[in-house]
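Take any residue in the sequence shown, count from 1 to its spot, add 194: that is its number in my numbering.
For every residue, glycine included, the Cβ atom is placed at its ideal position computed from N, Cα and C.
Remember, predicted model here, so these are calculated numbers, not experimental data.
First up is the structure itself, then whatever we jot down about it.
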Amino acid sequence: MQGTGKAACRPDKISLINIYKYLRDATSTGLIYLKEITRVFNYVILILILLYLTVPASATAEISDFFSDFTSSDVTIISDEDFNGSVLFELYHTGSAVQSQKIPVRVKAGEPAYRVIIWQQRPGNDYYTAKASLYSNNQLLDTKTYPVSYGTVSLPGFHVIGFLPSNSGVKLLIRPFNPGVVDIKIELLDNNNAVYTKIERDVSLTTNTEKNFNWPFLLSSGKNYNVRAKIYTQRLYFEPLVNTYVSEFTATEDIEILHDDVQVDEFGASVTIMGNSQVPFDGYIVVNIKNRETDEMKTYRQQMDEILVSGKEDTSGVVWGDIAPGVYDVEILAVNHDNKTLDKYETVLRIPEIPVFQDSSPQVESPGFIIFLSVISLLLAARSRRGR
């Protein structure tokens, strides 16, 4: 019996061949798909890189420090790039905002920006939550909160009995209830900016204590300034207890006529003026003399040689010239360029009759020279008294 051809081609061999072909075709197709996916993925990565390089990065700004009590609040903002935005200060009670203030803020790259606000309403509750929110084009970037307490919860161991800002500086009077140690931070505020800061550390409070801080720079005439005292009460096992106090003043020229250095006689007047303000005084001395019998009045005006600020003084003088004997009311005024009187001094002067002598000796000195020497002596006398 002759065998068939099917016996020569085994079924298991045919199956292996088919599987091999299938796997080969599938692998080839998968490689094609994989190459296509890889190519698309590379395109996507390239587009993202191009977008990253062409779109400018936004400034990274954040609130690095935040403090508040029921009187005022301050915030410090840092940024790795120049930043323009705003800060919203809010004071919450039981989840509801009872006060809010929004101020603009500009930050230079790498330089912290410090801003201060003063709460306008007095608190009526014991506990609050203060919140500071940093915005850029109405987009919220960062938020910080701070617990605020009022009343006996935050009372320090002292009482500020005097907080007196002026054109030359600020005086702080503290009365302690119990002995303690505090740090005192004084801030001169122009709007929401601290234009001057002075810190005195480890101040011992055992008796009534007075602290004086002087402004080291010139002030702008007519500008309103706020002064803030931030007092840190040191505690052994806890963070310092912080309380703030705020007062305000308007910067003006302020000078004083030194009464002990005023000299008036029949030849003229010598006047010494001292500056009491960091607003410069570049004004005049005006002297009015009025004869009590005839009501005749004469006025003399003299520009001060020096421009006066706090603690600086200058002496100026005027010469009557030809003035009749009699009793005169003398009014000495210190006036500025707006003709506003800043200080005044009044006195009375008697000019006696000059007796007439028959003298045949030759005239050596003229009357004008004698008057000149008298005025010089007045000025030298005034300066010598100040040097005592």
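Whole beta strand (DSSP E) runs in the region 347 to 426 with 3 or more residues, listed along the chain? 352 to 359, 363 to 370, 374 to 384, 387 to 399, 403 to 408
Considering Cα atoms alone, identify which of Y322, I271, G304 is closest to E284. Y322
Is Y329 closer than 8 angstroms to L282 when the C-beta atoms are compared? yes
Local Cβ density within 10 Å of G477, reported as buried at 16 or more and exposed below that: buried
Fully enclosed by the region 473 to 539, which beta strand (DSSP E) runs are 3 residues long or longer? Segments of the beta strand (DSSP E) lying fully in the region 473 to 539: 478 to 485, 491 to 497, 507 to 513, 520 to 529.
At which residues does the beta strand (DSSP E) containing T466 begin and terminate? 462 to 469
The beta strand (DSSP E) that contains I451, what's its start and end? 449 to 451
Three Cβ pairs or more, each shorter than 8 angstroms: is that satisfied between the region 299 to 316 and the region 351 to 358? Contact between the region 299 to 316 and the region 351 to 358 is absent, with fewer than three C-beta pairs closer than 8 angstroms.
For the structure I just gave you, are there three or more beta carbon pairs, one from the region 456 to 463 and one from the region 520 to 527, closer than 8 angstroms? yes
Would you give the residue range spanned by the beta strand (DSSP E) that A307 belongs to? Per DSSP, A307 belongs to the beta strand (DSSP E) from 307 to 312.
Quick check on D274: does DSSP put it in helix, strand or coil? coil
For the beta strand (DSSP E) containing V456, name the first residue and the last one. First-last for V456: undefined, no H or E at that position.
Could you please give me the residues that DSSP links to N332 through a beta bridge? N332 pairs with nothing; no bridge assigned.
Quick check on DSSP: helix, strand or coil for G345? helix
Comparing C-alpha positions only, which one of S343, L536, R369, V389 sits nearest to D263? Among S343, L536, R369, V389, the Cα nearest to that of D263 is on S343.
Enclosing beta strand (DSSP E) for I257 [first to last residue]: 255 to 262
State the DSSP-derived secondary structure class of T444, mapped to helix, strand or coil. strand
Backbone secondary structure at G279 - three-state DSSP: strand
Inspect the CB distances between the region 413 to 424 and the region 441 to 458 and report whether three or more fall short of 8 angstroms. Three or more Cβ pairs closer than 8 angstroms define a contact, and the region 413 to 424 meets that threshold against the region 441 to 458.
Quick one: is G289 buried, meaning 16 or more other Cβ sit within 10 Å of its Cβ, or exposed? Burial call: exposed.
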